[in-house]
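Have a look at the structure below, then the notes.
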Amino acid sequence: MPILGVIASAITGNLVTTAYESIATVSVGSGGAADVTFSSIPATFTHLQIRYIVKNEFSGGASNYLEGQLNSDTGNNYAAHALFGTGASVTATGSSSRNTIRVGIVTSTYATPSGFSAGVIDILDYANTNKYTTIRGLGGYDSNNVNTEPGYVGLFSSLWQNTNAVTSIKLFNGNTSYELTEYSHFALYGIKGA
Amino acid sequence: MAAGSTYTPIATTTLGSAQSSITFSSFSGYTDLVLVNNSTCTINTQVIGCQYNNDTGTNYSKIYLLADGSTAFSGGNINENYAVGGEAYNTLNTNIHYFFNYANTTTYKTAIVRSNNAGNRVGAWVNLWRNTAAITTIKIFPLSGSFDTGSTFTLYGIAAA
Chain A
1 MPILGVIASA ITGNLVTTAY ESIATVSVGS GGAADVTFSS IPATFTHLQI
51 RYIVKNEFSG GASNYLEGQL NSDTGNNYAA HALFGTGASV TATGSSSRNT
101 IRVGIVTSTY ATPSGFSAGV IDILDYANTN KYTTIRGLGG YDSNNVNTEP
151 GYVGLFSSLW QNTNAVTSIK LFNGNTSYEL TEYSHFALYG IKGA
Chain B
1001 MAAGSTYTPI ATTTLGSAQS SITFSSFSGY TDLVLVNNST CTINTQVIGC
1051 QYNNDTGTNY SKIYLLADGS TAFSGGNINE NYAVGGEAYN TLNTNIHYFF
1101 NYANTTTYKT AIVRSNNAGN RVGAWVNLWR NTAAITTIKI FPLSGSFDTG
1151 STFTLYGIAA A
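Listed in order, the protein sequences are those of chains A and B. Each residue of the first sequence is one higher than the one before, counting from 1 in my numbering. Each residue of the second sequence is one higher than the one before, counting from 1001 in my numbering.
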């Protein structure tokens, strides 16, 4: 059960200081990974963005949420809401006290043998120490109705009820019994303010 | 190795006359693509189709989530001959189209679109192209009518570290 990670500060010396910059990338290799972690994120940007494709190894059923934790905080200090379409109906969910953020959908090997979920996550004003941190996501997958699991597309919003600057982001399948599969790919970017 | 500065404009087109389709090619060297389209259509209320690599076969499917000011609804289609690149109206509509890991040759390709029209509705689509080939061309077109004069299309490339 390897855990993949990147020390972002280790490569910042190579970055060019312009508006949208690549910070680090994690690609899941053969054997899968329990989670993906970006750590030592520099506080030199205004916003962060993660762009990803992802799938879990579950071969017997449908998808799970893409969930995460900030700064290794495992307490019930998060809130999360989602609005998504299933191809047949619209669902809204939410909770105000939970131990993970929800930022997207992770398709399964069962639903999309050759396809992946994809999405964009924004972590807004992540280095500001005067307010809680808001995270939003846009994501989903389509399977062409393989195994009658057509897919989802949705909007996601989470709140970390802590004023610390975000220095690490851990992402994982909502059902932690199932790892992320090979070829899952996460890229972290920093966006500068004026 | 960090890629450093990215989100690079690759091509921008502003239509000087109505045009039935726009095609982008020559966009190698990136991880993701983003196509921003601010357009009107000569026929009101059109779906914008999208085809990759000139594939006109029934290799696309999609799911959408839409809200029209009073109702939110979701639907989808399988085995279609186009992906969806958003919507077009006779009033300005913005579509932002995200192409993920478009150059990898291992996975089917997933793309997501966010569409906004202040006078009509707001929506999101997820598209699947059942092909593992790298995307080398992107063609977008309203299913009927043409993109109108003044419509703009900008393709960006995003490289990963």
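Glycine included, every Cβ here is placed at the ideal spot set by N, Cα and C. Note that the structure is predicted; figures quoted are calculated from it, not measured.
Contacting residues, own chain, Cβ-Cβ under 8 Å from residue i (five flanking each side not counted)
| i | result |
| --- | --- |
| glycine 1076/B | Ser1061, Lys1062, Ile1063, Tyr1064 |
| glutamate 179/A | Met1, Gly32, Ala33, Ala34, Asn56, Glu57, Asn173 |
| threonine 1105/B | Thr1132, Ala1133, Ala1134 |
| alanine 986/B | Outside the modelled stretch of chain B, which goes from 1001 to 1161, sits residue 986/B, for which no answer is possible. |
| threonine 74/A | Asn99 |
| valine 16/A | Only weak support exists for where valine 16/A lies, its pLDDT of 39 falling under 50; the value from the coordinates is given anyway. Nothing meets the Cβ criterion. |
| tyrosine 189/A | Tyr20, Glu21, Ser22, Ile23, Leu48, Gln49, Ile50, Arg51 |
| threonine 218/A | Because residue 218/A is not part of the residues shown, which for chain A are 1 to 194, the question remains open. |
| serine 143/A | Thr107, Ala111, Thr112, Gly115, Glu149, Pro150, Gly151 |
CB of residue i within 8 Å of CB of residue j, strictly
| i | j | result |
| --- | --- | --- |
| leucine 1066/B | glycine 1145/B | no |
| isoleucine 1138/B | valine 153/A | no |
| tyrosine 110/A | glycine 60/A | yes |
| alanine 1018/B | phenylalanine 1147/B | yes |
| aspartate 1032/B | phenylalanine 1099/B | yes |
| serine 1102/B | isoleucine 1135/B | The question names serine, yet the displayed sequence has tyrosine at residue 1102/B. Yes. Within cutoff. |
| glycine 1086/B | isoleucine 1043/B | no |
| glycine 1150/B | threonine 1014/B | yes |
| arginine 1121/B | glycine 1057/B | no |
| glycine 85/A | serine 1074/B | yes |
| glutamate 182/A | serine 30/A | yes |
| glycine 94/A | glycine 119/A | no |
| isoleucine 123/A | threonine 112/A | no |
| valine 36/A | phenylalanine 186/A | yes |
| threonine 1154/B | tyrosine 1089/B | no |
| threonine 1110/B | isoleucine 53/A | yes |
| lysine 215/A | phenylalanine 45/A | Nothing in the structure corresponds to residue 215/A, since chain A is present only between 1 and 194. |
| isoleucine 101/A | tryptophan 160/A | yes |
Identity of the residues DSSP links to residue i by a beta bridge
| i | result |
| --- | --- |
| tyrosine 141/A | Tyr152/A |
| glutamine 49/A | Asp122/A, Tyr189/A |
| serine 1074/B | Leu1065/B |
| isoleucine 1138/B | Phe1024/B, Tyr1052/B |
| isoleucine 1158/B | Asp1032/B |
| tyrosine 1102/B | Tyrosine 1102/B is not bridged to any residue. |
| valine 1047/B | Glu1087/B |
| arginine 1121/B | For arginine 1121/B, which the question treats as bridged, DSSP gives no partner whatsoever. |
| aspartate 197/A | Residue 197/A lies beyond the residue range present for chain A, which begins at 1 and ends at 194; the question has no answer from this structure. |
Residue burial classification, residue i (beta-carbon count within 10 angstroms, cutoff 16)
| i | result |
| --- | --- |
| serine 184/A | buried |
| serine 1026/B | exposed |
| glycine 151/A | buried |
| asparagine 99/A | exposed |
| proline 1142/B | buried |
| proline 2/A | Residue placement at proline 2/A is poorly supported in this model, since its pLDDT is 45, which falls under 50; the coordinates still yield a value, given next. By the 10 Å Cβ count, proline 2/A comes out exposed. |
| threonine 1023/B | exposed |
| leucine 1020/B | Per the sequence shown, residue 1020/B should be read as serine rather than leucine. Serine 1020/B is exposed by the Cβ-count criterion. |
| serine 209/A | The displayed coordinates of chain A run from 1 to 194. Any statement about residue 209/A would go beyond what the structure contains. |
| lysine 131/A | exposed |
| alanine 89/A | Before going on, a small fix: residue 89/A reads as serine here, not alanine. Exposed is the call here. |
| alanine 80/A | buried |
| threonine 1107/B | buried |
| serine 72/A | exposed |
| asparagine 1127/B | buried |
| serine 117/A | buried |
| glycine 76/A | The identity of residue 76/A in the sequence shown is asparagine, whereas the question assumes glycine. Exposed. |
| glycine 1016/B | exposed |
| threonine 163/A | exposed |
| asparagine 1079/B | exposed |
| threonine 176/A | exposed |
| threonine 25/A | buried |
Own chain residues within Cβ distance below 6 Å of residue i, not counting five before or after
| i | result |
| --- | --- |
| arginine 1114/B | Ile1096, Ala1124 |
| alanine 92/A | Leu83 |
| arginine 1130/B | Asn1059, Tyr1108 |
| serine 97/A | Asn76 |
| glutamine 1051/B | Tyr1082, Lys1139 |
| threonine 1094/B | Asn1038, Asn1116 |
| valine 28/A | Leu180, Glu182, Ser184 |
Sequence-distant residues of the same chain with beta carbon closer than 7 Å to residue i, five excluded per side
| i | result |
| --- | --- |
| glycine 13/A | For glycine 13/A, the predicted model reports a pLDDT of 38, less than 50, meaning its position is unreliable and no value from the coordinates is stated. |
| threonine 1091/B | Thr1040, Asn1117, Gly1119 |
| asparagine 147/A | Tyr110, Ala111 |
| glycine 87/A | Pro150, Gly151 |
| isoleucine 7/A | Caution applies to isoleucine 7/A, whose pLDDT of 46 falls short of 50 and renders its modelled position unreliable; the value that the coordinates give is listed next. The answer, listed in chain order, is Ser39, Ser40. |
Residue i: CB within 7 Å of a non-hydrogen atom of the ligand NAD
| i | result |
| --- | --- |
| threonine 1008/B | This structure lacks the ligand NAD, and indeed carries no ligand of any kind. |
Neighbour flag for residue i against chain D, beta carbons, 8 Å
| i | result |
| --- | --- |
| phenylalanine 84/A | The structure shown contains no chain D; its protein chains are A and B. |
With three or more C-beta pairs closer than 8 Å as the rule, is the region 104–119 of chain A touching the region 66–78 of chain A? Flag = yes, the region 66–78 of chain A and the region 104–119 of chain A touch.
Report yes or no: do three or more beta-carbon pairs, one from the region 47–59 of chain A and one from the region 1039–1048 of chain B, lie closer than 8 Å? These segments do not touch.
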